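All residue numbers for the sequence shown refer to our numbering, where the first residue is 103 and numbers rise by one.
Shown next, in structure tokens, is the structure this report addresses.
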Amino acid sequence: MPNRKKINFARFFDEFSLAGRGLLLATRKKSFWIAFIITFLIFGTLINLLSSGFTSFQLIGACLSSGDFTGAVNILGGAFLANFGIGRDFLDFILNFVLTVFQSILVSLVVFIYRHNRKQKRAKTTDSGALESSAIVAGLAVLGSGCPTCGTTLLAPVLGAILSGTTGAVKLAGTLSLVMNILAILLAILVFRKTGLETYAIIKSEEFKEKHHEENC
């Protein structure tokens, strides 16, 4: 029994090692970086806009309805700059940054796998499973978005209404926000193991085919 556990742990870490190598190989592809940058900027900005619940969206709507396009752009610009830690508490920035990076990696790997399977005309079962898992990570990140350290989160208005706006609701919102962020990171790591492994297998298979083709020519 102990030997079996030891073997399982060894296999688990070996798979993560191969998944990491798959990620490194994927970074050589231009398509990976295109998907990564687009996801990082869009998803990160969305998370930062939700840092104060729906207040930012309400302010943007108010600015647009009054013709104050500069004000709307400034709000969006502030959320964009927050991706790089500008105007954010360090702890909250790190949580959001790690989540955004993980989500961007997952989406990029899923896009890579999807494009390969589409090119090979294969079934999309793996793609849909990875995409659904990535969507769950995104959902947890959105629900946990905000400022866990100060309790200003997307969950705060909901808990405030349930608990009649008590101070305990604010603290609970901050705690739940932090828990959801941690769960999102853990799930992202597990999804990465699967998508990274498949990416590694795909790239190595392509390299083998190219090498075999060159030797035959």
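For every residue, glycine included, the Cβ atom is placed at its ideal position computed from N, Cα and C.
Nothing here was measured: the structure is a model prediction, and the numbers come from that model.
Look at the alpha carbon of residue i and the alpha carbon of residue j, and state the distance between them as a whole number of angstroms.
| i | j | result |
| --- | --- | --- |
| A121 | T301 | 8 angstroms |
| Y216 | T172 | 39 angstroms |
| D116 | V203 | 23 angstroms |
| G298 | E308 | 15 angstroms |
| L183 | T147 | 8 angstroms |
| L197 | K221 | 36 angstroms |
| R130 | V281 | 34 angstroms |
| N219 | I144 | 26 angstroms |
| A303 | G163 | 47 angstroms |
| G179 | S168 | 19 angstroms |
| T254 | K311 | The pLDDT assigned to T254 is 43, lower than 50, so where the model puts this residue is not dependable; a value taken from the coordinates is nonetheless given after this. Roughly 53 angstroms between the two C-alpha positions. |
| T157 | N283 | 21 angstroms |
| R123 | A286 | 23 angstroms |
| V200 | V293 | 15 angstroms |
| F159 | D170 | 14 angstroms |
| I188 | S153 | 14 angstroms |
| K320 | R113 | The requested residue 320 does not occur in the structure, where the chain is confined to residues 103 to 319. |
| G267 | L126 | Residue confidence for G267 is low, a pLDDT of 49 falling below 50, so the modelled location carries little weight and cannot support an answer. |
Could you pull out every residue in the same chain whose Cβ sits closer than 8 angstroms to the Cβ of residue i, ignoring the five residues on either side in sequence?
| i | result |
| --- | --- |
| T251 | With a pLDDT of 45 at T251, under the threshold of 50, the modelled position of this residue cannot be trusted; read the value that follows with caution. Correct list, in chain order: D191, L193, D194, G276. |
| F186 | none |
| I291 | F204 |
Note the first and the last residue of the continuous alpha helix (DSSP H) segment covering residue i.
| i | result |
| --- | --- |
| D194 | 192-221 |
| A164 | 157-167 |
| T147 | 132-151 |
| I177 | 171-183 |
Against chain C, with Cβ distances strictly below 8 angstroms, would residue i count as a contact?
| i | result |
| --- | --- |
| A290 | The chain labelled as chain C is not found in the depicted structure, where only one protein chain is given. |
List the whole-angstrom C-beta distance separating residue i from residue j, where the pair is believed to meet the contact cut-off of C-beta under 8 angstroms.
| i | j | result |
| --- | --- | --- |
| A181 | N150 | 4 angstroms |
| A128 | I305 | 7 angstroms |
| F118 | R295 | 6 angstroms |
Among the residues of its own chain, which have a CB less than 7 angstroms from the CB of residue i, if the five just before and after it don't count?
| i | result |
| --- | --- |
| V260 | Confidence in V260 is poor, its pLDDT being 48 and thus under 50, which makes the residue's placement unreliable; the coordinate value appears in the next sentence. Cβ within range, chain order: n/a, list empty. |
| F134 | A128, S210, F214 |
| L161 | I177 |
Leaving out five residues before and five after residue i in sequence, what residues of the same chain have Cβ atoms less than 6 angstroms from its Cβ?
| i | result |
| --- | --- |
| T141 | S206, V209 |
| L166 | A174 |
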